[in-house]
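Okay, so here's the structure we're looking at.
Protein chains: 2
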Amino acid sequence: MYELLKKYISNRAQINDEQMDFICSFFKPMQTKRNEILVRYEEICQQYYFVNKGCIRIFTINKEGIETSRFFAFEGGFGTALPSFIDQQPAYEYVQTIEKSELLVISRTDFYYLVSAIPEFGLIYRAILELGFITAQKRIYGFQGFDALEKVKWIIENQPHFLLRVSNQMAASYLGISPSTLSRIKSKL
Amino acid sequence: MYELLKKYISNRAQINDEQMDFICSFFKPMQTKRNEILVRYEEICQQYYFVNKGCIRIFTINKEGIETSRFFAFEGGFGTALPSFIDQQPAYEYVQTIEKSELLVISRTDFYYLVSAIPEFGLIYRAILELGFITAQKRIYGFQGFDALEKVKWIIENQPHFLLRVSNQMAASYLGISPSTLSRIKSKL
DNA sequence: GAAAAAGCTTGTCCTATGTCAACGTTTTCA
DNA sequence: TGAAAACGTTGACATAGGACAAGCTTTTTC
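Okay, here's the thing in structure tokens:
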């Protein structure tokens with residue numbers, strides 16, 4: 001149950017067994033269904049989710065009803081409505097498991113307790129933020145001023161498994177192109 | 001010279017006078033010209049810049065020669081090629097002062113020394129990362145699936161001074177639209 | 001302060017991609 | 001397992017906005 005999480009942590013910090021068990025004790029297992037919503041648009045996010053099995057999607061829907069996905073967390077990754085988790089404002093986005101999933105959940109309170117109590121865990125949080133920031137910047141550069149074909153090539157380059165793992169619709173909503181366009185591009189390789 | 005920086009720090013952390021002077025002692029004044037480049041495309045970023053006067057722009061140029069700007073730091077703000085500063089990979093972007101500017105510069109080594117030596121300064125770094133992350137997510141949601149008019153409205157809403165402060169060209173390259181389109185939209189309010 | 005450079009605006013034209021709809025396939029779940 | 005729903009693909013058509021160029025204005029620089 002906790003192997004993947006322990007692997008995640010030990011890959012990123014020097015943590016001894018005792019501390020590791022202490023950290024893991026704050027994460028509670030949770031089973032979810034396909035398309036289950038974990039955080040709603042107006043809610044304030046109070047939980048951080050680690051994906052043991054399945055997949056989490058973070059997305060929003062604008063006034064015109066257009067869906068845009070901003071992040072997918074697969075097995076072995078963390079995901080939540082992080083802006084809301086950080087600043088405790090309404091999420092204005094949804095957190096959803098797009099498949100039947102097995103998660104490990106930690107509350108915000110416990111998470112920040114660990115961040116301040118265990119310096120090594122604080123460094124993990126810092127690394128999450130740094131990586132999140134870098135990823136977001138790459139995405140901005142990778143998408144702006146690129147046409148649909150280039151975006152698809154970009155995602156194949158940067159996240160090779162992405163198109164295989166998520167539906168055509170969701171991939172399109174991540175790339176900011178219409179499902180038809182994505183479909184046409186894929187058919188031409 | 002250091003008032004703005006001190007204000008920035010004291011607004012975000014509990015730092016006593018002695019520590020404040022210690023922190024400031026690592027920041028060196030620097031004068032730059034209009035359009036001076038501080039970090040080049042292939043360089044690895046070793047400096048963090050605080051803007052005392054003037055303005056820093058972070059941008060890149062892709063193979064097709066299209067410029068895209070990802071961030072502007074104005075008076076009282078920090079700016080650098082942060083992804084490169086963090087992971088010490090080539091920047092693949094430029095840092096530039098778009099006006100004659102007055103900066104306070106700290107080296108990466110000193111910066112991370114302060115982060116680990118002064119817990120309160122570590123919290124400032126964390127806050128920078130958190131805010132950077134949140135801002136980037138908002139930008140992704142704010143630009144994806146929006147047409148040119150909506151993007152312009154978005155920037156007026158979110159950074160009211162932006163269009164007044166930067167050139168039409170640079171604003172367009174930030175918004176991901178052509179200068180002509182931005183010009184046309186502005187003329188219609 | 002004059003010449004040169006850079007920038008802004010606006011017209012014309014053109015293309016990439018969105019929309020909508022029809023159809024066939026796959027998935028879901030009772 | 002079979003009906004219904006969801007999804008993917010493809011065609012026809014419409015359009016937002018990019019490219020380019022010309023003319024005008026502002027800024028820079030020496």
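Residue numbers (full-length UniProt numbering), protein chains in the order written: chain X, 1 to 189; chain Y, 1 to 189.
Note that the Cβ used here is the ideal one computed from N, Cα and C, for glycine as well.
Computed from a predicted structure; not experimentally measured.
- Only those residues of the segment 118 to 140 of chain Y whose C-beta falls short of 7 Å from the nearest C-beta of chain X are listed: Arg126, Leu129, Glu130, Gly132, Phe133, Ile134, Ala136, Gln137, Arg139, Ile140.
- Look at Pro83 (chain X): its C-beta is under 8 Å from a C-beta on chain Y.
- Residue state for Val115 (chain Y) is assigned as helix, using DSSP reduced to three classes.
- Under the three-state reduction of DSSP output, Thr135 (chain X) falls in the helix class.
- In the DSSP annotation of this structure, the continuous segment of the beta strand (DSSP E) that includes Pro29 (chain X) starts and ends at 28 to 32.
- Contact annotation for Ile86 (chain X) against chain Y: Glu130, Ile134 [CB-CB distance below 7 Å, chain order].
- A direct Cα-Cα distance of roughly 8 Å separates Met1 (chain Y) from Asn52 (chain Y).
- Within the DSSP secondary-structure output, Ala73 (chain Y) pairs in a beta bridge with Y:Ile56.
- Listed along the chain, the chain X residues whose CB falls inside 7 Å of the CB of Thr68 (chain Y) are Tyr141, Gln144, Gly145.
- Distance from the CA atom of Tyr49 (chain Y) to the CA atom of Ile61 (chain X), rounded to whole angstroms, is 37 Å.
- Closest by C-alpha distance to Ser101 (chain Y), out of Y:Phe74, Y:Leu82, Y:Leu182, Y:Thr109, is Y:Phe74.
- One Cα belongs to Lys6 (chain X), the other to Arg126 (chain X), and the distance between them is close to 18 Å.
- In the structure shown, Thr80 (chain X) falls within a coil segment according to DSSP collapsed to helix, strand and coil.
- Judged by beta-carbon spacing, Phe22 (chain X) lies beyond the 8 Å limit of Val105 (chain X), meaning their Cβ atoms are not closer than that value.
- With a threshold of 16 other beta carbon atoms within 10 Å, Tyr141 (chain Y) meets it and is buried.
- The alpha-carbon separation between Gly77 (chain Y) and Arg12 (chain X) amounts to approximately 31 Å.
- Sorting X:Ile134, X:Tyr8, X:Glu3 by C-alpha distance to the C-alpha of Phe121 (chain X) places X:Tyr8 at the top.
- Taking a contact as a CB-CB distance under 8 Å, the pair Val39 (chain X) and Val95 (chain X) counts as one, their CB atoms being some 4 Å apart.
- Three or more beta-carbon pairs separated by less than 8 Å link the segment 129 to 146 of chain X to the segment 129 to 149 of chain Y, which places the two stretches in contact.
- According to the DSSP secondary-structure assignment, Ile23 (chain Y) is paired through a beta bridge with no residue.
- Using a CB distance below 7 Å, the part of the segment 169 to 188 of chain X facing chain Y consists of Gly176, ordered along the chain.
- Under the three-state reduction of DSSP, Phe146 (chain Y) is assigned to coil, being neither helix nor strand.
- Between Ala91 (chain X) and Ser84 (chain X), the alpha-carbon positions lie close to 5 Å from each other.
- The criterion of a C-beta distance shorter than 8 Å is satisfied by Ile58 (chain X) and Gly79 (chain X).
- In the DSSP annotation of this structure, the continuous segment of the beta strand (DSSP E) that includes Glu102 (chain Y) starts and ends at 101 to 107.
- Within chain Y, the residues Tyr141 have their CB atoms less than 8 Å from the CB of Thr60 (chain X), given in chain order.
- By the neighbour-count criterion, in which a residue is buried when 16 or more other Cβ atoms sit within 10 angstroms of its Cβ, Arg34 (chain X) is exposed.
- For Leu38 (chain Y), the uninterrupted beta strand (DSSP E) run begins and ends at 36 to 39, by DSSP.
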